[in-house]
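First residue of the sequence shown: 35, per the numbering used here; consecutive thereafter. Beta carbons are placed, not taken as given, at the ideal position from N, Cα and C, and that holds for glycine. Data first, discussion second: the structure below is written as structure tokens.
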Amino acid sequence: MAGVFMMSMRSLGQKHRLRDLTDDAADLRRERDHLSSRMRDLQDALRREADADKSGALASHLRRIFTAHPAPAAAAAASEGS
């Protein structure tokens, strides 16, 4: 009888751990989405600033940076298309 009870308790503990891990994964996805959105917003702001620069030097520099380090959503879309 005690063995059945212990197995039930263990199963219940695993169920709660699984739920906690699922919640953690959802939290991490939301955080990733928020950071990706913020990164895109920052890139957009930098591009607007570069558009105001008449020399074009800032725009050229930003193109090199953004090509080397694409926004996460753009990187995910590129890898999904492959």
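Asked, Found
"4 or more residues per run - each alpha helix (DSSP H) lying fully within the stretch 63-105", "91-102"
"Beta-carbon proximity of Arg81 to Leu96, cut-off 8 Å", "yes"
"Beta-carbon gap between Leu92 and Ala84 smaller than 8 Å", "yes"
"Beta-carbon spacing of Arg74, Ala105 below 8 Å", "yes"
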